[in-house]
DNA sequence: ATGCCGACAGGATGTCGA
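Numbering (the numbering used here), first residue to last: 4 to 264.
Take a look at the structure:
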């Protein structure tokens, strides 16, 4: 099955580009971030018309995540454990079953965390700790798991156009990068890096300062795979062309992986 | 050092994003 993650920066504003990309890319499962709408306002009908089931964990104005799937969505669970006071909609989990078995999908939108030194950065690190704990629990089952979405973490210098420009940014802090590495030490693999070690591959370009024109991007949207899913990884790539299409593209583009499940 | 751009809520302009 082909799985993908895409921060659409408002599903309402991105409905037409999203439908166009789905028709062209034909993913089986899509993890959407920053849908920026409540559950009842999610435009499910046009996605259902393309054969997708929809699971939505929405929020007014900010955040919000959803999973589209051509397979039935089972065991649908919103929110990371351990966040009783956390009212942000940033995580949605479900199980999809393909021809060869089941894949547990965790759709995530990690906090931005800027500015560093504020409660926002503390919240980011705390959220990533909760993700770590949950990711660790999921490994106990020794089953295929994909944790995919907008991590808001630049893993290495090679994952941004100009490292010096990001040194004070929450996405680039040692603590943020450490949180991503910890997931990898735990046993998860960065699907993109399994096939491509080169720098200069990005998933986000700021709307400002001609970032897209200069290719001044960063790689912050990731697909992390449990060993049982990584063993079944086929192709993995970034649909960069989407950033240059249409009149109003998202500032993120989809990343996808083919999993033999 | 900051804005640049864009979405949102609401009905002007501030918040948030990364």
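Heads up, the beta-carbon is just placed ideally off N, CA and C, and yes, glycines get one too.
With 16 other Cβ atoms within 10 Å as the buried cut-off, status of residue 96: Looking at its Cβ environment, which holds 16 or more other Cβ atoms inside 10 Å, residue 96 is buried.
Between which two residues does the alpha helix (DSSP H) carrying residue 60 extend? No alpha helix (DSSP H) holds residue 60; the beta strand (DSSP E) holding it covers 56 to 60.
Rounded C-alpha distance that separates residue 114 from residue 123: Distance between the alpha carbons of residue 114 and residue 123: 8 Å.
List, from N- to C-terminal side, the beta strand (DSSP E) runs of 3 residues or more that fit wholly inside the stretch 216 to 257. Under the rule that a run must span 3 or more residues, the beta strand (DSSP E) segments found entirely inside the stretch 216 to 257 read 224 to 228 and 236 to 241.
Please state if the CB of residue 5 and the CB of residue 231 are separated by a distance shorter than 8 Å. Taking a C-beta distance under 8 Å as the contact criterion, residue 231 and residue 5 do not qualify as a contact pair.
May I ask which residues mark the beginning and end of the alpha helix (DSSP H) holding residue 28? Here the alpha helix (DSSP H) through residue 28 covers 18 to 28.
Just checking, does the stretch 148 to 168 make contact with the stretch 103 to 111 on the three C-beta pairs under 8 Å criterion? By the Cβ rule, the stretch 148 to 168 counts as touching the stretch 103 to 111, because three or more pairs are nearer than 8 Å.
Pull up the distance between the alpha-carbon of residue 12 and that of residue 185, whole angstroms please. A straight line joining the alpha-carbon of residue 12 with that of residue 185 spans about 28 Å.
Less than 8 Å between the CB atoms is what I'm expecting for residue 59 and residue 77, so what's the real figure, rounded? Their Cβ separation, rounded to whole angstroms, is 15 Å, which puts residue 59 and residue 77 out of contact at 8 Å.
Coarse secondary structure for residue 150, derived from DSSP in three states: In the three-state reduction of the DSSP assignment, residue 150 falls in the strand class.
For residue 178, collect the residues of the same chain with a Cβ closer than 6 Å to its Cβ; drop the 5 residues on either side in sequence, then sort them by chain order. These residues qualify, in order along the chain: 128.
Work out the CA separation of residue 87 and residue 258 for me, nearest whole Å. Residue 87 has its alpha-carbon roughly 31 Å from the corresponding atom of residue 258.
Between residue 170 and residue 52, what straight-line distance do the alpha-carbon atoms span, to the nearest angstrom? Going from the Cα of residue 170 to the Cα of residue 52 covers about 45 Å.
First through last residue of the beta strand (DSSP E) which encompasses residue 96: For residue 96, the enclosing beta strand (DSSP E) stretches over residues 94 to 101.
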